[in-house]
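Heads up, the sequence shown is in the numbering used here, so the first residue is 3 and it goes up one at a time. All C-beta atoms in this analysis are idealised placements derived from N, C-alpha and C, irrespective of residue type, glycine included.
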Amino acid sequence: MSTIKEIHAYEIIDSKGYPTIEARLTMDSGLYVVTSVPGATTVSTKEAVDLRDQDPNRFFGMGVTHAVSYVNELIAPKIKGASVNKQLEIDKWLSQADGTGNKSRLGVNTILTISQLLAKAGALSANISLYKYINQLYKSVYKEEIPVEKIPTPMFNSINGGAHANNTLDFQEFQIIPSSSFTFGTAYQKAVEIFSELKRVLEYRNATTSVGDEGGFSPNLTTNLDALEILTETITQKKMRSGLDIFLGIDLAATHFYRNGQYTIKDKTHSLRQAEYLDFLESVTKNYSVLVLEDPFAEDDWDGWKKISSKVSSNIYILADEPIRMSKDKLAYAIKEGACTSFLIKPNQIGTLTDVLELVNIARRGNLTYVVASRSSETNDDFAADLAVAIQSEFVKFGAPTRGERVAKYNRLWQIERDELGK
Ligand code: PGA
Ligand code: ZN
3 MSTIKEIHAY
13 EIIDSKGYPT
23 IEARLTMDSG
33 LYVVTSVPGA
43 TTVSTKEAVD
53 LRDQDPNRFF
63 GMGVTHAVSY
73 VNELIAPKIK
83 GASVNKQLEI
93 DKWLSQADGT
103 GNKSRLGVNT
113 ILTISQLLAK
123 AGALSANISL
133 YKYINQLYKS
143 VYKEEIPVEK
153 IPTPMFNSIN
163 GGAHANNTLD
173 FQEFQIIPSS
183 SFTFGTAYQK
193 AVEIFSELKR
203 VLEYRNATTS
213 VGDEGGFSPN
223 LTTNLDALEI
233 LTETITQKKM
243 RSGLDIFLGI
253 DLAATHFYRN
263 GQYTIKDKTH
273 SLRQAEYLDF
283 LESVTKNYSV
293 LVLEDPFAED
303 DWDGWKKISS
313 KVSSNIYILA
323 DEPIRMSKDK
333 LAYAIKEGAC
343 TSFLIKPNQI
353 GTLTDVLELV
363 NIARRGNLTY
373 VVASRSSETN
383 DDFAADLAVA
393 IQSEFVKFGA
403 PTRGERVAKY
413 NRLWQIERDE
423 LGK
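Okay, here's the thing in structure tokens:
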């Protein structure tokens with residue numbers, strides 16, 4: 003049994019240029035693990051919050067020196083000497099010590115750092131891969147085996163809009179999703195090839211090839227449907243079959259263009275009421291090879307969610323991000339109401355690995371699938387890749403197939419497929 007000898011945290015800068023926490027846990031054996039957590043920078047009051055210094059003289063108030071000192075001076079001395087296998091106990095203790103519903107006292111950045119360190123150290127001391135360790139942890143708590151059979155199907159962010167880019171598109175993300183029949187390696191290759199081709203297609207149209215927060219291109223297109231047209235054209239250009247080899251995903255993040263009960267998008271000259279907007283979405287799913295629709299309705303428009311879930315083909319995933327934001331109550335409500343068929347897992351919207359596994363269990367019992375996602379403010383940590391394999395996420399959404407903080411996670415999935423699942 004390995005015990006915690008030392009935990010040392012410090013600030014690093016994330017992919018959006020904001021400070022976040024990285025930390026190292028050294029065990030009595032001398033072995034150590036390092037982890038860092040993404041930032042919750044485009045947050046709502048409805049999710050767990052990062053502890054930020056609010057000192058306007060440093061990093062526009064976004065510094066995390068208080069959170070770092072909580073790790074080093076408050077938490078580390080208390081868990082020094084504890085077994086690294088005490089994941090559940092320490093996670094629970096952290097949540098209780100915080101005592102708030104949204105982790106605002108200690109900060110979700112503080113809490114998740116410790117939780118990820120423990121899991122990585124537990125796996126290393128047991129000499130097994132992190133995904134296996136998390137998979138076994140789930141089994142030990144919920145007495146349910148999740149057979150690790152495949153790498154989750156990746157959804158690659160290709161065009162950015164909405165809050166993730168300063169272009170004219172209303173929808174936040176347009177993704178390419180290789181068929182789940184491909185191995186991860188083949189899917190990755192196809193996505194990288196399509197992404198390069200997309201750059202050429204955009205250049206040909208004199209559209210800008212600058213990128214948004216998650217690495218997707220952020221062209222100024224006239225309508226949102228133009229983005230779907232361009233992706234479909236690019237897929238065909240690469241001699242791949244849209245709707246057979248490659249599918250499309252959209253994160254509409256509809257809350258951002260919803261005002262006073264109406265949806266305002268570039269594709270229509272007037273604002274749309276719910277029924278009209280629903281018809282528009284249905285036509286999108288019929289005219290394009292859409293496999294996943296994330297946040298098609300605003301987070302509070304549950305009625306719209308219920309309607310779309312019963313209206314569109316059951317082959318299309320209705321994926322909830324903003325209406326749930328890793329809330330157990332909201333997840334239970336969405337299941338009860340049949341409001342979605344899948345939801346996003348972002349650990350830093352809740353706090354600990356134990357909390358994440360609890361949501362996974364609620365979803366599995368309710369026959370809801372889930373998708374592990376990175377944040378727009380990311381680090382090069384690949385924890386999310388192992389988490390996704392461990393819980394056999396339906397898809398993963400880690401951003402574009404380029405940029406370090408994105409490919410760190412995709413490359414880890416590729417490594418697991420190549421070195422472990424393939425054997
Ligand atoms: P966020 O975006 O990390 O900025 O919340 C990701 C998403 O909306 O899926
Ligand atoms: Zn989203």
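Top-ranked residue by Cα proximity to residue i, from the options
i, options, result
"V194", "W304, A277 and T404", "T404"
"S142", "Q89, V35 and S127", "Q89"
"Y1", "E422, T155, D247 and I248", "Any question about residue 1 goes unanswered here, given that the chain covers just 3 to 425."
"I252", "S273, N262, T271 and D228", "D228"
"A121", "S17, E380 and T356", "T356"
"L361", "K332, Q138, D384 and T381", "K332"
"I352", "A11, S17 and A50", "A50"
"E396", "M157, G368 and Q239", "M157"
"E419", "E199, N350, W307 and I153", "I153"
"E301", "K48, I15 and I9", "K48"
"T271", "N226, R367 and A334", "N226"
"G245", "K348, S285, E278 and N289", "N289"
"V374", "F345, G187, I6 and W95", "F345"
"N382", "T343, L389, A410 and V398", "A410"
"I179", "N169, N168 and Q191", "Q191"
"K80", "T5, N369, R107 and A209", "T5"
"P298", "L389, L321, R366 and S291", "L321"
Near ligand 2: residue i beta-carbon under 6 Å from a heavy atom
i, result
"D323", "yes"
"E216", "no"
"F296", "The residue asked about is misnamed: residue 296 is Glu in this sequence, not Phe. Yes, Cβ of E296 sits closer than 6 Å to a heavy atom of ligand 2."
"D253", "yes"
Cross-strand partners of residue i (DSSP beta bridge)
i, result
"Y412", "Paired residue(s): none; Y412 is not in a bridge."
"S97", "Its beta-bridge partners do not exist; DSSP assigns none."
"L274", "Y265"
"G340", "The partner list for G340 (beta bridge, DSSP) is empty, contrary to what the question assumes."
"G41", "S379"
"K399", "A375"
"P180", "I248"
"V66", "According to DSSP, V66 bridges with nothing at all."
"N87", "Paired residues: none, contrary to the question."
"D2", "No answer is possible for residue 2: it lies beyond the span of the chain, which begins at 3 and ends at 425."
"E13", "I23"
"P349", "P349 is not bridged to any residue."
"N162", "E175"
"E75", "Answer is none; E75 lacks a bridge partner."
"L321", "E296 and S344"
"E8", "T28"
Cβ-based burial, residue i [other Cβ within 10 Å; buried from 16]
i, result
"P58", "exposed"
"S38", "buried"
"E296", "buried"
"K105", "buried"
"P124", "The question names Pro, but residue 124 is Gly in the sequence shown. With 16 or more other Cβ atoms within 10 Å, it is buried."
"S31", "exposed"
"D384", "buried"
"I130", "exposed"
"D100", "buried"
"M328", "buried"
"E75", "exposed"
"R408", "buried"
"R377", "buried"
"A277", "exposed"
"F62", "exposed"
"S117", "buried"
"T22", "buried"
8 Å contact criterion, which residue i and residue j should meet: CB distance rounded
i, j, result
"E216", "A402", "6 Å"
"G65", "D55", "4 Å"
"I136", "A392", "4 Å"
"T28", "A69", "Not really, about 20 Å apart at Cβ, beyond 8 Å."
"Q177", "L250", "7 Å"
"V35", "L119", "6 Å"
"G214", "H166", "5 Å"
"I267", "D172", "5 Å"
"V73", "A11", "4 Å"
"N159", "S220", "Not really, about 11 Å apart at Cβ, beyond 8 Å."
"S311", "G340", "6 Å"
Any non-hydrogen atom of ligand 1 within 6 Å of residue i CB
i, result
"D16", "no"
"S344", "no"
"D172", "no"
"S329", "no"
"R377", "yes"
Below-7 Å beta-carbon distance, residue i vs any chain C residue
i, result
"G109", "The chain inventory of the structure shown lacks chain C, comprising one protein chain alone."
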